[in-house]
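Numbering (full-length UniProt numbering), first residue to last: 1 to 150. Report on one structure; see the data block that follows.
Here is the structure:
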């Protein structure tokens, strides 16, 4: 091969590696949790219940999965990840699909009737009307995101 072709291929490869690297660094939003296979980084249990699986995302793009909101809060409060390194905390809507939403966009219900994996017994809801329906059925108390962190 000629020197020009080698330099051209080398430049293309370098550009491709740079693009791939930048995409992985700039990833935002939650990553899918592989239910039945992924482990909670806090309690080491397999994450099986999509109504309660949560995720912490760092500003560098690293994700930590949890089987219960209580595990995620304990992990964060213990300083395993510095508060300023946290990009967002994601929680599923209890009544809908497995999609994860930013915690700040959700309404919360604490009820012993929820029976979450680690017995934190807190569920999140995208719509307050859905929370009211579950609360009427199971009882419990509505909580703000700030109250959960106390």
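Beta carbons: idealized from backbone N, C-alpha and C, even for Gly.
*If you draw a straight line from the C-alpha of residue 106 to the C-alpha of residue 44, how long is it?*
If you number the chain shown from 1, residue 106 lands on position 106. If you number the chain shown from 1, residue 44 lands on position 44. If I take the Cα positions, the gap works out to 26 Å.
_Within a Cβ cutoff of 7 Å, which residues of the same chain sit near residue 33, ignoring the five residues on either side of it in sequence?_
By one-based count along the chain shown, residue 33 stands at place 33. Excluding residues within five positions, the ones whose Cβ falls inside 7 Å are 47, 53, 55, 65.
*Report yes or no: do the stretch 75-83 and the stretch 108-125 share at least 3 C-beta pairs separated by less than 8 Å?*
no
*Does DSSP classify residue 50 as helix, strand or coil?*
Here residue 50 refers to the residue found at position 50 when the chain shown is read from its first residue. Correct three-state label for residue 50: coil.
_Where residue 127 falls: helix, strand or coil (DSSP)_ = Residue mapping note: residue 127 aligns to position 127 of the chain shown, counting from 1. Residue state, collapsed to three classes: coil.
_Just to confirm before moving on: does the CB-CB distance between residue 110 and residue 134 stay below 8 Å?_
What you label residue 110 is simply residue 110 of the chain shown in a count that begins at 1. What you label residue 134 is simply residue 134 of the chain shown in a count that begins at 1. Against a cut-off of 8 Å, the Cβ pair of residue 134 and residue 110 comes out as no contact.
*asked:* For residue 31, tell me which candidate among 37, 40, 61 has the shortest Cα-Cα distance.
replied: Locating residue 31 in the chain shown gives position 31, where the first residue counts as 1. Residue 61 is the option with its Cα nearest to residue 31.
*Could you name each continuous alpha helix (DSSP H) segment of 4 residues or more that falls completely within the stretch 29-98, going from the start of the chain to the end?*
69-77
*Take residue 40 and list the residues in its own chain whose beta-carbon comes closer than 7 Å to its own, dropping the five residues that flank it on each side.*
By one-based count along the chain shown, residue 40 stands at place 40. Excluding positions up to five away in sequence, the list reads 47, 65, 66, 67, 71.
_Is the beta carbon of residue 69 closer than 8 Å to that of residue 86?_
Taking the chain shown and counting its residues from 1, the one referred to as residue 86 is at position 86. Taking the chain shown and counting its residues from 1, the one referred to as residue 69 is at position 69. Taking 8 Å as the Cβ cut-off, residue 86 and residue 69 do not qualify as a contacting pair.
*If residue 89 and residue 74 are in contact, beta carbons under 8 Å, what's the gap, nearest whole angstrom?*
Your numbering for residue 89 matches position 89 in the chain shown. Your numbering for residue 74 matches position 74 in the chain shown. With 8 Å as the limit, residue 89 and residue 74 do not qualify as a contact, their Cβ atoms being about 13 Å apart.
*Of the residues 28, 51, 147, 149, the one placed nearest residue 97, counting alpha carbons only*: Residue 97 sits at position 97 when you count from the first residue of the chain shown. Residue 97 has its Cα closest to that of 51, out of 28, 51, 147, 149.
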